[in-house]
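**Student:** Sequential numbering from 1066 applies to the sequence shown in this note's numbering. Each residue gets a CB set at the ideal place from its N, CA and C atoms; glycine is no exception.
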Amino acid sequence: MNEIKIINKSLEYADSFRDALDSVARERMWLAYTEAPPYEHMRKFVSGLIRDSDIQVYAVLGDTVVGWCDITRRKREVFAHTGSLGMGIVKPHRGKGLGSRMMEEVIKQARANGMEKICLEVYSHNAAGIALYKKFGFAEEGKKIREAKLDGKYFDEYVMGLIL
């Protein structure tokens, strides 16, 4: 069996990243997406990350992205010291430590890039995600009640942050 590698963003993997995002989004549980944007949109997104020196890593098995984690620096001057984190892992590869491996790498890169704070939002039912974030020192900063609604169900969302 091939080992899963953690690699930096690359246009070479943009389509596979889109497929991984689509897989997680179609679970309709974890992301604000219910399906991934078109391939061309995702290629532009990755190109923008590269252009802006934003952070993104992939968990790759062979040539297939099975997870991702990114931190995009906020653009407005008053927020430029912060970045927003997003991540996901396709279902068959959860619970294997990939989240921790990716988090270690993006936090290391955020510190090296002079970022001062990482922010994220996570659904309150995502116990594994919340545990991962707390493991890395993220603290709950607030709760948005009934922030999302999908298939007739409401989801609360935690706002979490990590001061670097």
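Just list the beta strand (DSSP E) runs in the segment 1066-1132, keeping only unbroken ones of 3 residues or longer that don't cross its boundaries, in chain order.
**Tutor:** For the segment 1066-1132, whole beta strand (DSSP E) runs of length 3 or above, ordered along the chain, are 1070-1073 and 1120-1126.
**Student:** Exposed or buried, what is F1110 when buried is set at 16 or more other beta-carbons lying within 10 Å of its beta-carbon?
**Tutor:** Here residue 1110 corresponds to residue number 45 of the sequence shown, with the count starting at 1. Its Cβ being crowded by 16 or more others within 10 Å, F1110 is buried.
**Student:** Among the residues of its own chain, which have a CB less than 6 Å from the CB of M1066, if the five just before and after it don't count?
**Tutor:** The count along the sequence shown starts at 1 and reaches residue 1066 at position 1. Any reading at M1066 must be qualified, since the residue scores a pLDDT of 44, below 50, and its modelled position is unreliable; the value itself is stated next. Nothing meets the Cβ criterion.
**Student:** Between which residues of its own chain and E1092 is the CB-CB distance below 8 Å, once the five residues before and five after are set aside?
**Tutor:** Here residue 1092 refers to the residue found at position 27 of the sequence shown. Result list for E1092: K1156, in chain order.
**Student:** How big is the Cα-Cα spacing for N1073 and G1194?
**Tutor:** For the purposes of this step, residue 1073 is taken as residue 8 along the sequence shown, with counting starting at 1. For the purposes of this step, residue 1194 is taken as residue 129 along the sequence shown, with counting starting at 1. Those two C-alpha atoms are separated by around 21 Å.
**Student:** Looking at L1229: is its Cβ nearer than 8 Å to the Cβ of F1203?
**Tutor:** Numbered from 1 along the sequence shown, position 164 holds the residue referred to as residue 1229. Numbered from 1 along the sequence shown, position 138 holds the residue referred to as residue 1203. Going by C-beta atoms, L1229 is not nearer than 8 Å to F1203.
**Student:** With H, G and I counted as helix, E and B as strand and the rest as coil, what does DSSP make of A1145?
**Tutor:** Walking along the sequence shown from the start, residue 1145 turns up at place 80. Residue state, collapsed to three classes: coil.
**Student:** Only counting runs of 4 or more residues, tell me where the alpha helix (DSSP H) segments fall wholly within the segment 1136-1222, in order along the chain.
**Tutor:** The qualifying runs are 1163-1177 and 1192-1200.
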